[in-house]
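> The following block contains the structure, expressed as structure tokens.
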Amino acid sequence: MYEYIKGHLVNCTESYAAIDVGGLAYRLQIPSGYVSRLAGHTGELTLYASFVVRENSHALYGFLTIQERDTFDVLIEISGVGPKLALAVVGAISIQDLIQAVNSGDVLTMSRIPGIGKKKAEKLILEVKSKLGKLPLGIDGGSLAVVNSSPIVSDAMNALMNLGYTRVAAQHAIENVQKDNPNIELAPLITEALRSV
Numbered sequence: 091m092y093e094y095i096k097g098h099l100v101n102c103t104e105s106y107a108a109i110d111v112g113g114l115a116y117r118l119q120i121p122s123g124y125v126s127r128l129a130g131h132t133g134e135l136t137l138y139a140s141f142v143v144r145e146n147s148h149a150l151y152g153f154l155t156i157q158e159r160d161t162f163d164v165l166i167e168i169s170g171v172g173p174k175l176a177l178a179v180v181g182a183i184s185i186q187d188l189i190q191a192v193n194s195g196d197v198l199t200m201s202r203i204p205g206i207g208k209k210k211a212e213k214l215i216l217e218v219k220s221k222l223g224k225l226p227l228g229i230d231g232g233s234l235a236v237v238n239s240s241p242i243v244s245d246a247m248n249a250l251m252n253l254g255y256t257r258v259a260a261q262h263a264i265e266n267v268q269k270d271n272p273n274i275e276l277a278p279l280i281t282e283a284l285r286s287v
């Protein structure tokens with residue numbers, strides 16, 4: 091029904107973003123990791139939309155990339171996965187990591203996502219495996235830059251995720267630090283990333 095909503099960000103919380111389009115503000119549910127990515131955003135913003143109609147509700151969900159939106163749409167087709175859980179998955183793990191976890195049967199990675207225990211992770215892996223062909227394989231480089239995959243970055247990502255941050259939030263924090271200092275060592279990278287989360 092809606093492809094995207096483009097306008098000025100007027101409010102952003104852990105659960106939603108409000109975008110003003112010509113005097114009418116749309117409230118879109120967003121992954122919790124977006125609040126840090128959208129903090130201080132000025133100017134026009136585009137969120138790719140998914141309109142979900144349920145028996146008791148109609149809701150708009152917004153994503154920074156088409157691939158994240160399409161992944162969300164695939165996930166909500168799975169029995170037992172509602173919009174809330176699909177939003178948690180998209181906010182906690184990159185599309186590539188989701189595909190890798192599903193292909194390798196990585197229950198541990200899947201069970202780190204908020205709201206997913208071991209049994210749910212096992213079921214989700216089986217269900218998503220049957221829908222792998224529908225998952226988008228590319229990443230929109232404009233919105234989700236791929237972090238330098240050096241061992242230092244991997245170690246920093248693991249450290250932040252072990253402290254409870256989602257992969258997306260950790261990646262974003264590391265990207266911010268590396269913009270200013272691409273040759274930073276591990277300890278200062280973790281310290282600065284923690285300050286920016």
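So the mapping is simple: our numbering equals the position in the sequence shown, first residue as 1, plus 90. Beta carbons are placed, not taken as given, at the ideal position from N, Cα and C, and that holds for glycine. Bear in mind that the values here come from a model prediction, so they are computed numbers and not experimental data.
Return the bridge partner residues of His148 from the DSSP annotation.
Val143, per the DSSP bridge assignment.
> Would you kindly work out how many angstroms separate the C-alpha atoms of Val243 and Ile206, rounded to a whole number?
Computed Cα separation, rounded: 26 angstroms.
> Taking the alpha-carbon of Gln268 as reference, which of Ser286, Ile95 and Met251 has the nearest alpha-carbon?
Checking every option, the nearest Cα to that of Gln268 belongs to Ser286.
> Just tell me which of Leu154, Ser126, Ile166 and Asn193 has its CA closest to the CA of Val142.
Measuring from the Cα of Val142, the nearest candidate turns out to be Ile166.
> Less than 8 angstroms between the CB atoms is what I'm expecting for Leu99 and Leu128, so what's the real figure, rounded?
That pair is a contact at about 6 angstroms.
> Using 8 angstroms for Cβ pairs, my map puts Ile280 next to Ala259. What's the rounded Cβ distance?
Not really, about 14 angstroms apart at Cβ, beyond 8 angstroms.
> Quick check: the region 174–192 against the region 156–164, are there 3 or more CB pairs under 8 angstroms?
Result yes; three or more Cβ-Cβ pairs closer than 8 angstroms.
> State the Cα-Cα distance for the pair Ala211 and Ile168, rounded to the nearest angstrom.
Near 13 angstroms, if we compare the C-alpha coordinates of Ile168 and Ala211.
> Let me know if Leu175 comes out buried or exposed under the rule of 16 or more other beta-carbons within 10 Å of its beta-carbon.
By the 10 Å Cβ count, Leu175 comes out buried.
> Would you mind working out which of Glu145, Ile120 and Gly130 sits nearest Leu137, comparing C-alpha positions?
That would be Ile120, whose Cα lies nearest to the Cα of Leu137.
> Is the CB-CB distance between Ser149 and Glu93 below 8 angstroms?
Residue identity differs from the one stated: residue 149 is Ala in this sequence, not Ser. No. Outside cutoff.
> Would Leu137 pass as an interface residue toward chain C - the criterion being a Cβ-Cβ separation below 8 angstroms?
Absent here is chain C; the protein component of the structure consists of one chain.
> Below 8 angstroms between beta carbons: does that hold for Gly97 and Leu135?
Taking 8 angstroms as the Cβ cut-off, Gly97 and Leu135 qualify as a contacting pair.
> DSSP on Val111, reduced to helix/strand/coil?
Residue state, collapsed to three classes: strand.
> By DSSP's criteria, Gln119 is part of a beta bridge. Which residues make up the other side?
DSSP output for Gln119 lists Tyr106 and Tyr151 as bridge partner(s).
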